[in-house]
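Here's the structure we're looking at; comments come further down.
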Amino acid sequence: MSFSPSRSKTILNWIKKNSYLVDDYEVEDDNWGGSEFGPYSHWVYLTPGYICEEVHHIHEYSISDFVEQVKLIEKCDCDECKELIAEQHKELLPLIEKA
Ligand SMILES: [Zn+2]
13 MSFSPSRSKT ILNWIKKNSY LVDDYEVEDD NWGGSEFGPY SHWVYLTPGY ICEEVHHIHE
73 YSISDFVEQV KLIEKCDCDE CKELIAEQHK ELLPLIEKA
């Protein structure tokens, strides 16, 4: 069986439906999955304000594990998220004031 280095269609489709949850998606050639799942692992970074099992990203080599992980995404109001959200608001503020 050969594995494509490209992004997973399953993950991309999930992101399309849940774009508000996702900041970025990368595929890494780190050989984490070994012979069973191939050399590529998937990194999905969550938008500030969301968390999954105490981290702000999902890192899986198995797509079926990814599908299970996304069910565990929760809202997050940790200091890191609050700061990032405040930063975003600061960038938006001048635009809002001009409008
Ligand atoms: Zn957080």
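Take any residue in the sequence shown, count from 1 to its spot, add 12: that is its number in the numbering used here. Even glycine gets a Cβ: it sits at the ideal position worked out from N, Cα and C. Since the model is a prediction, treat every value here as computed from it, not as a measurement.
Limits of the unbroken beta strand (DSSP E) element including residue i
i	result
Asp35	34 to 41
Cβ-Cβ distance between residue i and residue j below 7 angstroms
i	j	result
Ile75	Ser20	yes
Cys64	Ile97	no
Pro60	Cys93	yes
Contacts around residue i, its chain only, beta-carbon distance under 6 angstroms, and the 5 residues preceding and following it disregarded
i	result
Ser16	The pLDDT assigned to Ser16 is 49, lower than 50, so where the model puts this residue is not dependable, and the model offers no usable value.
Asp36	Tyr57
Own chain partners of residue i with C-beta closer than 8 angstroms, once the 5 adjacent residues on each side are dropped
i	result
Asp91	none
His69	Trp55, Val56, Tyr57, Leu58
Ligand 1 heavy atom lying under 6 angstroms from the CB of residue i
i	result
Glu65	no
Glu92	yes
**Request:** Tell me the start and end of each unbroken alpha helix (DSSP H) in the stretch 30 to 105 that is at least 4 residues and wholly inside, in chain order.
**Result:** 46 to 49, 75 to 81
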